[in-house]
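Chemist: Take this structure first; my questions come after.
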Amino acid sequence: MVEKGKKKYQPPKLTKWGSVADLTKTGLTYEGGDAKIGSRFSQGK
Amino acid sequence: MPKRRTSSFFMSSLNKFFLLLNELTDLRPILRISNTSDHESAAVLLAEAIAASPPWNFFNDAVLVVRPSPFPLIAVMGNIEPENEQRLLQLRWQIGRLLPTLRYIDFSEAKRQCTLLAEKLRDMYTRDEIDRFRFTALPRGGMIVLGMLSYALQLSHAQLEPPHSPDQTTVVVDDCVISGANFGRFLQSLTSKQVIFAHLYSHPDLRSAILTREDRVVACLSSSDLEDIAPQLYGSDYSSWKRRWESRMGSSAYWVGQPEYIAFAWNEPDISFWNPAAKNIESGWNLLSPSLCLKNCFASATIRDQIQIQPEGPGPLRPAESVVFARFQSGILVGNTKSEDCYYLQETEADIWSRIISLGTVDRVVSALSAEYSVDVEKLRKDVSAFIEQLQKAGLLIQTYGTEAESR
Chain P
28 MVEKGKKKYQ PPKLTKWGSV ADLTKTGLTY EGGDAKIGSR FSQGK
Chain W
-3 MPKRRTSSFF MSSLNKFFLL LNELTDLRPI LRISNTSDHE SAAVLLAEAI AASPPWNFFN
57 DAVLVVRPSP FPLIAVMGNI EPENEQRLLQ LRWQIGRLLP TLRYIDFSEA KRQCTLLAEK
117 LRDMYTRDEI DRFRFTALPR GGMIVLGMLS YALQLSHAQL EPPHSPDQTT VVVDDCVISG
177 ANFGRFLQSL TSKQVIFAHL YSHPDLRSAI LTREDRVVAC LSSSDLEDIA PQLYGSDYSS
237 WKRRWESRMG SSAYWVGQPE YIAFAWNEPD ISFWNPAAKN IESGWNLLSP SLCLKNCFAS
297 ATIRDQIQIQ PEGPGPLRPA ESVVFARFQS GILVGNTKSE DCYYLQETEA DIWSRIISLG
357 TVDRVVSALS AEYSVDVEKL RKDVSAFIEQ LQKAGLLIQT YGTEAESR
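Line by line, the protein sequences are chains P and W. Position in the first sequence (first residue = 1) + 27 = the working numbering. Residue 221 in the working numbering sits at position 225 of the second sequence; the count goes up by one each step and never skips.
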């Protein structure tokens, strides 16, 4: 029975949802980077 | 909306939390060019640049978080598809590799460079010749430079107003030239028989290549030189990087290199990158906040709304140093960068977490929640205490000062 004006209570539970990818770690820091500064490529065609 | 505790929502391959910036990230380039003296504000400026960037529009199911203290962190939390994962890797590369090379040209330095460019033109041509030239600019940054140059050279209105006769030499003005692709395209639209290309920054090899390839270009000059940092940036991959981009740019580029990250108070350079998951070349990220760059200023009116600044709370119960959290959909995502685990708190759990952060003690949390929930106070106290214990064991929560009794 829920008291008037109050929310239904459910006991809290800690459940894992996903993972952290720490891009600041050595080895991951500079992955990617197949890049070029300059005129936007799509315009440069 | 996520369903509560269904296997399809929990631990799918999309559920990711990406840490982009930590205490080791060098924010000095942003501190140097802004009126900011603290790293926290610099992190917020960088987050504003990220939120104003074209790639951020792809992140429909993720949030951008700045945790200001005890040391600044920036994270992206949410459901992140492989294409977006690659975009974040690119962003991290830009922060780690390009940001340290940032060369910022404010209006005062731009004025100095325009004066230098004007002097070079006066050295090369007589006053009569300059008076006969017609001037135009590459959109959009070039127009700002031409405005300043027109005062430095005391140009007349007629020299700046089209149409220009093909027999009149046209001076094309720009701020910074890297590959020259925009100039090449612009040149095709010009009918002038003789063209002078005058700009603030370029690499000497780019200028030589333009002069070699374009018969109509009689002079190509810049107020200052750019250096090519591609060999040090790409190391052993440099040769293959250069070949790849020469092939991608085709004949549109006069020169393929990577100068330092030169940015102006009105614009920062376009950057293209190869997204292997999308199998496409895409636009890269901005590194300058709208307050430092006119172009980014108009990119989005709602940038501030897209960034969550993590609250600190009064303590003694506080999130651990390695924790970043954010409101996400109907709940709260809490990630531990040390254990690399991420949790999604909903309903009661989310309310308990929020009250712990804002109130700091078990007593205050229980008192606040008992007014909201239909539950026996002693049961609530027992559940809250047990949940806090779980949060502490998972490394998400710490007691920052006082005794355990004081945290009650």
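Quick reminder that beta carbons are idealized off the backbone N, C-alpha and C, glycines included.
Let me know if residue 347/W comes out buried or exposed under the rule of 16 or more other beta-carbons within 10 Å of its beta-carbon.
Modeler: Numbered from 1 along the second sequence, position 351 holds the residue referred to as residue 347/W. So residue 347/W counts as buried.
Chemist: Is residue 80/W close to chain P, meaning its C-beta is less than 8 Å from at least one C-beta of that chain?
Modeler: Here the question's residue 80/W lines up with position 84 in the second sequence. Judged by the 8 Å Cβ criterion, residue 80/W is not in contact with chain P.
Chemist: Please classify residue 294/W as buried or exposed, where buried requires at least 16 other C-beta atoms within 10 Å of its C-beta.
Modeler: On the second sequence, position 298 is the one that residue 294/W refers to. So residue 294/W ends up on the exposed side.
Chemist: Between residue 17/W and residue 68/W, is the Cβ-Cβ spacing less than 8 Å?
Modeler: Translated into positions along the second sequence, residue 17/W becomes position 21. Translated into positions along the second sequence, residue 68/W becomes position 72. Cβ atoms of residue 17/W and residue 68/W: closer than 8 Å.
Chemist: Give a yes or no on whether the C-beta atoms belonging to residue 61/W and residue 302/W are separated by under 8 Å.
Modeler: Here residue 61/W corresponds to residue number 65 of the second sequence, with the count starting at 1. Here residue 302/W corresponds to residue number 306 of the second sequence, with the count starting at 1. No, these two residues do not count as a Cβ contact at 8 Å.
Chemist: If I measure Cβ to Cβ from residue 128/W and keep anything under 8 Å in the same chain, skipping five residues before and after, which residues do I get?
Modeler: Stepping through the second sequence from its first residue, residue 128/W is reached at position 132. Correct list, in chain order: 164, 165.
Chemist: Pair every Cβ in the stretch 206 to 215 of chain W with every Cβ in the stretch 225 to 239 of chain W, then say whether three or more of these pairs are closer than 8 Å.
Modeler: The stretch 206 to 215 of chain W is not in contact with the stretch 225 to 239 of chain W.
Chemist: Might you give, ordered along the chain, the residues of its own chain that have their beta carbon closer than 6 Å to the beta carbon of residue 274/W, omitting 5 neighbours on each side?
Modeler: Locating residue 274/W in the second sequence gives position 278, counting from the first residue. Taken in chain order, the residues that qualify are 79.
Chemist: Does the contact criterion of 3 or more C-beta pairs under 8 Å hold for the stretch 256 to 271 of chain W versus the stretch 99 to 113 of chain W?
Modeler: Verdict: yes, contact present.
Chemist: Which bits of chain P does residue 338/W rub up against, with CB to CB less than 8 Å?
Modeler: Numbered from its first residue, the second sequence carries residue 338/W at position 342. Here the neighbours are 43, 44, 45, 46, 47.
Chemist: Which partner residues of residue 323/W appear in the DSSP bridge assignment?
Modeler: Position 327 of the second sequence holds residue 323/W. Note: residue 323/W sits in a beta bridge opposite 328/W.
Chemist: For residue 218/W, I'd like the list of residues in its chain whose CB is within less than 8 Å of its CB, leaving aside the five on either flank, ordered along the chain.
Modeler: Position 222 of the second sequence, counting from 1, holds the residue named residue 218/W. For residue 218/W, where only same-chain residues beyond five positions count, the Cβ hits under 8 Å are 113, 173, 194, 195, 196, 197, 198, 203.
Chemist: State buried or exposed for residue 263/W, treating a residue as buried only when at least 16 other CB atoms are found within 10 Å of its CB.
Modeler: Here residue 263/W refers to the residue found at position 267 of the second sequence. Answer is buried; the Cβ neighbour count reaches 16.
Chemist: Quick check on the DSSP output: the alpha helix (DSSP H) that includes residue 351/W runs from which residue to which?
Modeler: As a working note, residue 351/W is residue 355 in the second sequence. Counting along the chain, the alpha helix (DSSP H) containing residue 351/W begins and ends at 343 to 355.
Chemist: Quick check on the burial criterion: 16 or more other C-beta atoms within 10 angstroms. Buried or exposed for residue 153/W?
Modeler: Taking the first residue of the second sequence as 1, we reach residue 153/W at position 157. By the 10 Å Cβ count, residue 153/W comes out exposed.
Chemist: Which residues of the stretch 242 to 263 of chain W have a Cβ closer than 8 Å to any Cβ of chain P? Give them in chain order.
Modeler: For the stretch 242 to 263 of chain W, which is checked against every Cβ of chain P, the residues closer than 8 Å are 244, 245, 246, 248, 249, 252, 254, 255, 257.
Chemist: So, helix, strand or coil for residue 280/W, using DSSP?
Modeler: Stepping through the second sequence from its first residue, residue 280/W is reached at position 284. Note: residue 280/W maps to coil in three-state DSSP.
Chemist: At a cut-off of 7 Å, would you count residue 40/W as near the ligand COA, judging by its Cβ distance to the nearest heavy atom?
Modeler: Among the components of this structure there are no ligands whatsoever, and the ligand COA is therefore not found.
Chemist: Exposed or buried, which one is residue 144/W when buried takes at least 16 other CB atoms within 10 Å?
Modeler: Residue 144/W sits at position 148 when you count from the first residue of the second sequence. Per the 10 Å Cβ criterion, buried.
Chemist: Please name the residue in 314/W, 94/W, 46/W whose C-alpha comes closest to that of residue 64/P.
Modeler: Sequence index remark: in the first sequence, residue 64/P carries index 37 (1-based). For the residues 314/W, 94/W, 46/W, the minimum Cα distance to residue 64/P belongs to 94/W.
Chemist: Are the C-beta atoms of residue 174/W and some chain C residue less than 8 Å apart?
Modeler: Structure shown: chain C not included; protein chains present are P and W.
Chemist: Nearest chain P C-beta to residue 159/W closer than 8 Å, yes or no?
Modeler: As a working mapping, residue 159/W is identified with position 163 in the second sequence. Chain P contact via Cβ: absent.
Chemist: Could you spell out the range, first to last residue, of the alpha helix (DSSP H) harbouring residue 116/W?
Modeler: As a working note, residue 116/W is residue 120 in the second sequence. Run containing residue 116/W: 103 to 120, per the alpha helix (DSSP H) assignment.
Chemist: Does residue 18/W come within less than 8 Å of chain P when only Cβ atoms are used?
Modeler: Sequence index remark: in the second sequence, residue 18/W carries index 22 (1-based). Output row for residue 18/W: interface = yes.
Chemist: Output the distance between the C-alpha atoms of residue 323/W and residue 329/W, rounded to the nearest integer angstrom.
Modeler: Counted from its first residue, the second sequence places residue 323/W at position 327. Counted from its first residue, the second sequence places residue 329/W at position 333. Cα to Cα, residue 323/W sits roughly 6 Å from residue 329/W.
Chemist: Hey, does residue 353/W have any beta-carbon neighbour from chain P nearer than 8 Å?
Modeler: Residue 353/W sits at position 357 when you count from the first residue of the second sequence. For residue 353/W, the answer is no, since every Cβ of chain P falls outside 8 Å of its Cβ.
Chemist: Give the DSSP-derived three-state secondary structure of residue 160/W in the structure shown.
Modeler: Working through the second sequence from its first residue, we reach residue 160/W at position 164. It is coil, neither helix nor strand.
Chemist: Compare the Cα-Cα distances from residue 66/W to each of 36/W, 117/W, 29/W, 373/W and report the closest residue.
Modeler: Position 70 of the second sequence holds residue 66/W. Ranking the options by Cα distance to residue 66/W, first place goes to 36/W.
Chemist: Could you please tell me which residues of the stretch 369 to 403 of chain W, in chain order, have their CB closer than 7 Å to any CB of chain P?
Modeler: Result list: 369, 370, 371, 379, 383, 386, 387, 390.
Chemist: Which partner residues does residue 195/W have in the DSSP bridge list?
Modeler: In the second sequence, counting from the first residue as 1, residue 195/W sits at position 199. DSSP, once it has assigned bridges, lists 170/W, 218/W as partnering residue 195/W.
Chemist: Confirm, please, whether the CB-CB distance from residue 353/W to residue 309/W is below 8 Å.
Modeler: Position 313 of the second sequence holds residue 309/W. Position 357 of the second sequence holds residue 353/W. Their beta carbons are under 8 Å apart, which means residue 309/W touches residue 353/W by this criterion.
Chemist: Taking 8 Å as the threshold (beta carbon to beta carbon), is residue 357/W in contact with chain P?
Modeler: In the second sequence, residue 357/W corresponds to position 361, counting from 1. Closer than 8 Å: no.
Chemist: So residue 184/W is in the alpha helix (DSSP H); what residue range does that whole segment cover?
Modeler: Sequence index remark: in the second sequence, residue 184/W carries index 188 (1-based). Here the alpha helix (DSSP H) through residue 184/W covers 177 to 184.
Chemist: Assuming residue 47/W contacts residue 70/W (C-beta within less than 8 Å), just tell me the rounded distance between them.
Modeler: Counted from its first residue, the second sequence places residue 47/W at position 51. Counted from its first residue, the second sequence places residue 70/W at position 74. Actually they do not touch by this definition, with Cβ atoms about 11 Å apart.
Chemist: According to DSSP, is residue 21/W part of a helix, a strand, or is it coil?
Modeler: If you number the second sequence from 1, residue 21/W lands on position 25. Coil.
Chemist: So if DSSP puts residue 139/W in a beta bridge, which residue, or which two residues, is it bridged to?
Modeler: Position 143 of the second sequence, counted from the first residue, corresponds to residue 139/W. Its beta-bridge partners do not exist; DSSP assigns none.
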